[in-house]
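K.L.:
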Amino acid sequence: MREFGTQGPVNSKDHTEVTMNAINNWLPAEPDLETVCKTYSDPIYALSQAEVPAIMLRNAYSPSQCHGLIHRFTNMGLMRDEADTNSADKRTRIDIGTSLGNRGGDKTKFLAHAQTTEHLFNFLFNGFDDPVDLIYDSLTALSPGKEVKVARESDGSRYGPAIFRVHYETHSYKPHIDHVKYREQRTDYEVYRFEHQFAGVLCVQNADENGTGTQAILHRCLWSEEIQPHIAEETFDKYAAANGVENYQVDLNQGDLYFFNTRCIHEVPPVQGTRARIVLAVFIGYSPDDNEIYVWS
Ligand SMILES: O=C(O)CCC(=O)C(=O)O
Ligand SMILES: [Fe+2]
15 MREFGTQGPV NSKDHTEVTM NAINNWLPAE PDLETVCKTY SDPIYALSQA EVPAIMLRNA
75 YSPSQCHGLI HRFTNMGLMR DEADTNSADK RTRIDIGTSL GNRGGDKTKF LAHAQTTEHL
135 FNFLFNGFDD PVDLIYDSLT ALSPGKEVKV ARESDGSRYG PAIFRVHYET HSYKPHIDHV
195 KYREQRTDYE VYRFEHQFAG VLCVQNADEN GTGTQAILHR CLWSEEIQPH IAEETFDKYA
255 AANGVENYQV DLNQGDLYFF NTRCIHEVPP VQGTRARIVL AVFIGYSPDD NEIYVWS
């Protein structure tokens, strides 16, 4: 891996004011496209090298439109009403969209499901700004010289363009990575060709209305064969503490959009309280020498 920091922030923040005993030098590119693109000549490349934990675009989507979308999803029966604590439906995660991770085992069915998601998304946002377009447009701005498109197979059939994930009380993601090569070995899918994988996550609603919310933690540790036992045995937190692995907590407010390198070990603690944590998420395949970037969910 290449050295951290060589790509630089040009106008790097003055860190001298940070006097805590553990100085965290691993800080995101933020807070908006204009600043990020001024500071980094090739933001997505910087992310591929884990020079920054994330690219954070604050208030990228309007919070009042987030409310409107949640209302629509609930009315359409696409998600369970959070207030309905007596529901027979006990799922702690509900997806609106097509997940390659969950459905990719049967390619024909996966691609058929993706088609239904594409149809749904054609009208689901009518009257609102299209939040999926927001993610694709932002990614395009962060990726000079690249063409951003929905992932597709050689016959043109497309994957799901993005997915809403609704997380209810207790749901968590333990320390993990997301990677079609290093984790899932999806050799029979076109996205296998990409060297790097990222996620884009738009916060539609954070959990825990009166508290701090449920915030993801990104560790400054790229997955390797050596790290894998700590993931499998769920001892990564001990490993990180013993080895002084830095981390960055992604504090999200409604409407914030962030991108991160999913080869960095990351986790999301359990959702607390009755308010669901709702995100619109994508995965992204990128190689520095490939002029296409593929996006899927
Ligand atoms: O919900 C998040 O903030 C991150 C979830 C996650 O692990 C991912 O999208 O890969
Ligand atoms: Fe993940």
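Per the working numbering, the sequence shown starts with residue 15, numbered consecutively.
Glycine included, every Cβ here is placed at the ideal spot set by N, Cα and C.
Computed from a predicted model, the values in this text were never measured in an experiment.
Mind checking Ser101: buried by the 16 CB within 10 Å criterion, or exposed?
P.N.:
exposed
K.L.:
Compute every distance between the C-beta of Asp192 and the non-hydrogen atoms of ligand 2, then say whether any falls below 6 Å.
P.N.:
yes
K.L.:
Determine the DSSP secondary structure at Ala231, reduced to helix, strand or coil.
P.N.:
The sequence shown places Ile at residue 231, not Ala. Looking at Ile231 - three-state DSSP - the assignment turns out to be strand.
K.L.:
On the DSSP bridge assignment, give the partners of Phe273 in chain order.
P.N.:
Ile69 and Gly214
K.L.:
Since Pro189 and Phe250 should fall inside the 8 Å C-beta cutoff, what is the C-beta to C-beta distance between them, to a whole number of angstroms?
P.N.:
4 Å
K.L.:
Hey, which residues come within less than 6 Å of ligand 4, measuring from Cβ to any heavy atom, in chain order?
P.N.:
As far as ligands go, the structure on display features ligand 1 and ligand 2 and does not contain ligand 4.
K.L.:
Where do the N-terminal and C-terminal ends of the alpha helix (DSSP H) with Val50 fall, by residue?
P.N.:
Leu47 to Thr53
K.L.:
Please classify Tyr11 as buried or exposed, where buried requires at least 16 neighbouring CB atoms within 10 angstroms.
P.N.:
Nothing can be reported for residue 11: it is not among the residues displayed for the chain, which extend from 15 to 311.
K.L.:
Is the number of C-beta pairs between the stretch 127-140 and the stretch 170-178 that are closer than 8 Å three or more?
P.N.:
yes
K.L.:
Going by CA-CA distance only, name the one from Arg105, Val205, Asn267 and Tyr300 that's closest to Asp222.
P.N.:
Nearest of Arg105, Val205, Asn267 and Tyr300 to Asp222, Cα basis: Asn267.
K.L.:
Restricting to runs no shorter than 3 residues, where is the beta strand (DSSP E) found entirely within the stretch 240-305?
P.N.:
261-264, 271-275, 278-282 and 291-300
K.L.:
Give the range of the beta strand (DSSP E) segment to which Ile110 is assigned.
P.N.:
Counting along the chain, the beta strand (DSSP E) containing Ile110 begins and ends at Arg107 to Ile110.
K.L.:
Grab the span of the beta strand (DSSP E) containing Lys163 for me, first residue to last.
P.N.:
Glu161 to Val164
K.L.:
Does DSSP put Tyr206 in a helix, a strand or coil?
P.N.:
helix
K.L.:
Do Gly269 and Cys51 come within 7 Å of each other at the CB atom, strictly closer than that value?
P.N.:
no
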